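K.L.:
2 protein chains.
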Amino acid sequence: MSPVSSPSARPGAAADGLSRVERKELTRQSILAAALRLAETGGLSAVSLRQVAKDVGIVPTAFYRHFDSIEELGLALVDEAFVSLRAMLRDVRSADPAFKDIIDSSVRVLTEHVRAQRGHFLFIARERFAGPAAVRSAIRHEIELCERELATDLARLPGPDAWASEDLYVLANLIVGAVVSTAEELLAAEGRRSAEDAVAERARTQLRMMLVGALNWRSRP
Amino acid sequence: MSPVSSPSARPGAAADGLSRVERKELTRQSILAAALRLAETGGLSAVSLRQVAKDVGIVPTAFYRHFDSIEELGLALVDEAFVSLRAMLRDVRSADPAFKDIIDSSVRVLTEHVRAQRGHFLFIARERFAGPAAVRSAIRHEIELCERELATDLARLPGPDAWASEDLYVLANLIVGAVVSTAEELLAAEGRRSAEDAVAERARTQLRMMLVGALNWRSRP
DNA sequence: CTGGTCGGTGCACAAGCGTTCACTGAACGG
DNA sequence: CCGTTCAGTGAACGCTTGTGCACCGACCAG
Chain V
1 MSPVSSPSAR
11 PGAAADGLSR
21 VERKELTRQS
31 ILAAALRLAE
41 TGGLSAVSLR
51 QVAKDVGIVP
61 TAFYRHFDSI
71 EELGLALVDE
81 AFVSLRAMLR
91 DVRSADPAFK
101 DIIDSSVRVL
111 TEHVRAQRGH
121 FLFIARERFA
131 GPAAVRSAIR
141 HEIELCEREL
151 ATDLARLPGP
161 DAWASEDLYV
171 LANLIVGAVV
181 STAEELLAAE
191 GRRSAEDAVA
201 ERARTQLRMM
211 LVGALNWRSR
221 P
Chain H
1 MSPVSSPSAR
11 PGAAADGLSR
21 VERKELTRQS
31 ILAAALRLAE
41 TGGLSAVSLR
51 QVAKDVGIVP
61 TAFYRHFDSI
71 EELGLALVDE
81 AFVSLRAMLR
91 DVRSADPAFK
101 DIIDSSVRVL
111 TEHVRAQRGH
121 FLFIARERFA
131 GPAAVRSAIR
141 HEIELCEREL
151 ATDLARLPGP
161 DAWASEDLYV
171 LANLIVGAVV
181 STAEELLAAE
191 GRRSAEDAVA
201 ERARTQLRMM
211 LVGALNWRSR
221 P
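Protein chains in written order, with UniProt numbering: chain V, 1 to 221; chain H, 1 to 221.
The structure is reproduced here in structure tokens:
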């Protein structure tokens, strides 16, 4: 059988226009995609090497040409997932910084990214607690990076710019937590637009509530 | 081999002072405890009937005398876990309602319960996304109940008592989300007191920030 | 005392798992 | 052109898995 796409690619026959490294990368991507899909029922630890291989269209042992173990595959998936998450953060940051509707645009960017990268968000939400220890700590580390980034962003805002850096991080932690909860509720909406809209509206109100709290907050001496 | 406690209980020999139903319940509890522990590495879907049986000290097929499947066992664990969670909520509610330190006492109750019921909290945090569909929706349903309960509690507070019920639920959702995040961070602290204390202190500040936000919030007309 | 109930036993089976090993042949560098 | 590299092959291994079945014997109601 041929890898990557069962009916079209021909490994032993005439060469497509692809170099050897290109074909290897293609198979690698197929493995990642298959694992992401298979992990949706039962989590990463329930993904079997043989299932992935069958799904990709290669023999089980060929898996080892790309990853040493399922756990290493999981770490690669974490990387992949946080690439799209960072893309989202970039979008949020580059949005119109008109203070008034910064919340609206951020929530919209979040809902769109969750819809577009559903698989990655699901993976992170799941493996954050269910994954192998190495995967869990990789995810935790990445989330912590996001919090620190947000804290430095907040420091540039007119209200909290006079805060203790301690309080800045605490607020960032609170916001990231709320965003994670919102993302998880969006996932639970399973694509139903009305449910998604309700979650988004709720998130807007919550962020506004937090904003009101922040604007009336004074760091203790 | 004998169930419940390998060296002491004797099934075929002289009877301990236990009736048949008592012995069955004891075995059932042992199965639940074993499953909870085994689920810690790999999640519920990675728990095998045979492992549980070996751990409890019964033969694999005897498992079916208590549960039809691992999934049904999972639902029983959800029930068990939310029993302790409700006990926690009762403790929070019955605490001294002196408005000033209601936050301090709530956070202390939370940290104590997470420490005492670590296994249950871990189970909920994990299976909320990684578990079988039935388990996931059972957990989601229970959390939603907690949010509604909290909303009715909030309605009795001096500040938000004039709010729209819509906003009350939104605030309850925000608080529950923050509490869930805090519980998850307490779990991530893995029992190290200094880390736990830092999380608790952060949670106190966050709840105060939300309180400030709530006190300055006005429901839109 | 007796007969039914039922938790626990022991064996068997087919299916799936990760991993090993020697192999093939297209793509590539010199 | 020719030798090397290496992604993918295919058979084989020892193990664990869920589940079906006939069976046992302590408990308990009558």
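Every residue gets a Cβ at the ideal spot worked out from N, C-alpha and C, and that includes glycine. For clarity, every value in this text was computed on a predicted model and none was experimentally measured.
Output the distance between the C-alpha atoms of H/V92 and H/F123, rounded to the nearest integer angstrom.
P.N.:
One-based indexing of the second sequence puts residue 92 of chain H at position 92. One-based indexing of the second sequence puts residue 123 of chain H at position 123. Their backbone Cα atoms lie some 22 Å apart in a straight line.
K.L.:
Mapping the DSSP letters down to three states, classify H/V107 as helix, strand or coil.
P.N.:
Working through the second sequence from its first residue, we reach residue 107 of chain H at position 107. Three-state result, H/V107: helix.
K.L.:
Does any residue of chain V bring its CB to less than 8 Å from the CB of H/D167?
P.N.:
By one-based count along the second sequence, residue 167 of chain H stands at place 167. The Cβ of H/D167 sits closer than 8 Å to at least one Cβ of chain V.
K.L.:
Label H/S106 either buried or exposed according to how many other C-beta atoms from any shown protein chain fall within 10 Å of its C-beta, with 16 as the threshold for buried.
P.N.:
As a position in the second sequence, residue 106 of chain H is number 106, starting the count at 1. H/S106 comes out buried.
K.L.:
In its own chain, which residues sit with a C-beta less than 7 Å from the C-beta of V/A172, not counting the 5 before and 5 after it?
P.N.:
Stepping through the first sequence from its first residue, residue 172 of chain V is reached at position 172. So the list reads E147, L150, A151 and L154, once near-sequence residues are dropped.
K.L.:
Can you give me the C-alpha to C-alpha distance between V/P11 and H/G57, rounded to a whole angstrom?
P.N.:
The count along the first sequence starts at 1 and reaches residue 11 of chain V at position 11. The count along the second sequence starts at 1 and reaches residue 57 of chain H at position 57. Low confidence applies to V/P11: its pLDDT is 39, below 50, so where it sits in the model is not reliable enough to give any reading.
K.L.:
Between H/P132, H/R218, H/A178 and H/F121, which lies nearest to H/E166 when the distance is taken from Cα to Cα?
P.N.:
As a position in the second sequence, residue 166 of chain H is number 166, starting the count at 1. When only C-alpha atoms are compared, the closest one is H/R218.
K.L.:
If contact means a Cβ-Cβ distance below 9 Å, which residues of the segment 155–184 of chain H contact chain V?
P.N.:
E166, D167, Y169, V170, L171, N173, L174, V176, G177, A178, V180, S181, T182 and E184
K.L.:
What does H/S45 reach in chain V if we use C-beta pairs closer than 9 Å?
P.N.:
Counting from 1 along the second sequence, the entry for residue 45 of chain H is found at position 45. Within 9 Å Cβ-Cβ: T41, G42, G43, S45, A46 and A130.
K.L.:
Any C-beta of chain V within less than 8 Å: which residues of the UniProt DNA-binding region "H-T-H motif" (48–67) of chain H qualify?
P.N.:
Listed in sequence order: no entries.
K.L.:
Would you please state the rounded distance, in angstroms, between the beta carbons of V/A62 and V/A53? I believe it to be under 8 Å.
P.N.:
Sequence index remark: in the first sequence, residue 62 of chain V carries index 62 (1-based). Sequence index remark: in the first sequence, residue 53 of chain V carries index 53 (1-based). At roughly 7 Å, the Cβ-Cβ gap stays under 8 Å, so V/A62 and V/A53 are in contact.
K.L.:
Please determine, among H/V47, H/E142 and H/Y169, the residue with the shortest C-alpha to C-alpha distance to H/A81.
P.N.:
Locating residue 81 of chain H in the second sequence gives position 81, where the first residue counts as 1. With respect to the C-alpha of H/A81, the residue from H/V47, H/E142 and H/Y169 having the closest C-alpha is H/E142.
K.L.:
Comparing the C-beta of V/R140 with each C-beta of chain H, is any distance below 8 Å?
P.N.:
On the first sequence, residue 140 of chain V is found 140 positions in, with the first residue counted as 1. At least one chain H Cβ lies under 8 Å of V/R140.
K.L.:
Specify the secondary structure class of H/P132 as computed by DSSP and reduced to three states.
P.N.:
Counted from its first residue, the second sequence places residue 132 of chain H at position 132. If DSSP states are grouped into helix, strand and coil, H/P132 belongs with coil.
K.L.:
Could you list which residues in chain H have their beta carbon closer than 8 Å to that of V/R202, in chain order?
P.N.:
As a working note, residue 202 of chain V is residue 202 in the first sequence. By Cβ distance, chain H contributes V170 and N173.
K.L.:
Given a cut-off of 8 Å on the beta-carbon distance, is the pair V/L110 and V/T182 in contact?
P.N.:
Taking the first residue of the first sequence as position 1, residue 110 of chain V is located at position 110. Taking the first residue of the first sequence as position 1, residue 182 of chain V is located at position 182. In contact: V/L110 and V/T182 (Cβ atoms closer than 8 Å).
K.L.:
Let me make sure I understand the geometry here. Which of H/M88, H/Q51 and H/L211 has the alpha-carbon closest to that of H/P160?
P.N.:
Position 160 of the second sequence, counting from 1, holds the residue named residue 160 of chain H. Checking every option, the nearest Cα to that of H/P160 belongs to H/L211.
K.L.:
Only counting runs of 4 or more residues, tell me where the alpha helix (DSSP H) segments fall wholly within the UniProt domain "HTH tetR-type" (25–85) of chain V, in order along the chain.
P.N.:
The UniProt domain "HTH tetR-type" (25–85) of chain V is shown to contain whole alpha helix (DSSP H) runs of 4 or more residues at 49–56, in chain order.
K.L.:
Using 8 Å as the cut-off, can you tell me whether the segment 199–211 of chain V makes contact with the segment 193–203 of chain H, which would need three or more C-beta pairs spanning the two stretches below that distance?
P.N.:
no
K.L.:
Just verifying my parser: in three-state terms, what is the DSSP assignment at H/A14?
P.N.:
Sequence index remark: in the second sequence, residue 14 of chain H carries index 14 (1-based). For H/A14, the pLDDT reaches just 38, beneath the cut-off of 50, and the residue's location in the model is therefore unreliable, although a value from the coordinates is still provided. Of the three classes helix, strand and coil, the one that applies to H/A14 here is coil, per DSSP.
K.L.:
Return the residue from the list V/M88, V/E112, V/S48 and V/E71 that minimises the CA-CA distance to V/D197.
P.N.:
The residue given as residue 197 of chain V occupies position 197 in the first sequence. The option with the nearest alpha carbon to V/D197 is V/E112.
K.L.:
With V/R204 as the anchor, note down where its alpha helix (DSSP H) starts and where it stops.
P.N.:
Taking the first sequence and counting its residues from 1, one reaches residue 204 of chain V at position 204. Boundaries of the alpha helix (DSSP H) around V/R204: R193 to L215.
K.L.:
What whole-angstrom Cβ distance do V/S194 and H/G42 have, given they're in contact under 8 Å?
P.N.:
As a position in the first sequence, residue 194 of chain V is number 194, starting the count at 1. As a position in the second sequence, residue 42 of chain H is number 42, starting the count at 1. With a contact defined as Cβ atoms closer than 8 Å, V/S194 and H/G42 miss out at about 36 Å.
K.L.:
In whole angstroms, what is the alpha-carbon distance linking V/R126 and V/S137?
P.N.:
On the first sequence, residue 126 of chain V is found 126 positions in, with the first residue counted as 1. On the first sequence, residue 137 of chain V is found 137 positions in, with the first residue counted as 1. C-alpha separation (whole angstroms): 13 Å.
K.L.:
What do you get for V/P60, buried or exposed, if any count of 16 or more other CB atoms within 10 angstroms of its CB means buried?
P.N.:
Numbered from 1 along the first sequence, position 60 holds the residue referred to as residue 60 of chain V. With fewer than 16 Cβ atoms within 10 Å of its Cβ, V/P60 is classed as exposed.
K.L.:
Are the C-beta of V/V21 and some C-beta of chain H separated by less than 8 Å?
P.N.:
Indexing the first sequence from 1 puts residue 21 of chain V at position 21. Answer no: the Cβ-Cβ gap between V/V21 and chain H never drops below 8 Å.
K.L.:
Let me know if V/G17 comes out buried or exposed under the rule of 16 or more other beta-carbons within 10 Å of its beta-carbon.
P.N.:
For this step, residue 17 of chain V is matched to residue 17 along the first sequence. The Cβ neighbour count for V/G17, taken over all protein chains shown within 10 Å, is under 16; the residue is labelled exposed.
K.L.:
Looking only at C-alpha atoms, which of H/E22, H/V47, H/R20 and H/V21 sits nearest to H/A33?
P.N.:
Reading the second sequence from its first residue, position 33 is the one you call residue 33 of chain H. The shortest Cα separation from H/A33 among H/E22, H/V47, H/R20 and H/V21 belongs to H/V47.
K.L.:
Any beta carbon from chain V within less than 8 Å of H/V78's own beta carbon?
P.N.:
Working through the second sequence from its first residue, we reach residue 78 of chain H at position 78. Not an interface residue.
K.L.:
Pick from V/V21, V/A133 and V/L85: whose alpha carbon is nearest that of V/I70?
P.N.:
Stepping through the first sequence from its first residue, residue 70 of chain V is reached at position 70. Closest by alpha carbon: V/A133.
K.L.:
Under 7 Å Cβ-Cβ, which residues of chain V neighbour H/V212?
P.N.:
For the purposes of this step, residue 212 of chain H is taken as the residue at position 212 of the second sequence. Result: G213, N216 and W217.
K.L.:
Would you mind telling me which residues of chain H sit closer than 9 Å to V/Q206, beta carbon to beta carbon, in chain order?
P.N.:
Here residue 206 of chain V corresponds to residue number 206 of the first sequence, with the count starting at 1. Per Cβ cutoff of 9 Å: V170, L171, N173, L174 and G177.
K.L.:
Sorted by chain position, which residues of the same chain lie with C-beta nearer than 6 Å to V/F67's C-beta, five sequence neighbours on each side aside?
P.N.:
Translated into the one-based positions of the first sequence, residue 67 of chain V becomes position 67. Once the five neighbours on either side are set aside, the close Cβ partners of V/F67 are L73.
K.L.:
Return the chain-ordered list of same chain residues with a C-beta closer than 7 Å to the C-beta of H/I175, the five sequence neighbours on each side being excluded.
P.N.:
Along the second sequence, read from residue 1 onward, the residue named residue 175 of chain H stands at position 175. Closer than 7 Å at Cβ, skipping near neighbours: L150 and M210.
K.L.:
Please report the straight-line C-alpha distance between H/V114 and H/Y169, rounded to a whole angstrom.
P.N.:
Translated into positions along the second sequence, residue 114 of chain H becomes position 114. Translated into positions along the second sequence, residue 169 of chain H becomes position 169. Distance between the alpha carbons of H/V114 and H/Y169 is about 25 Å.
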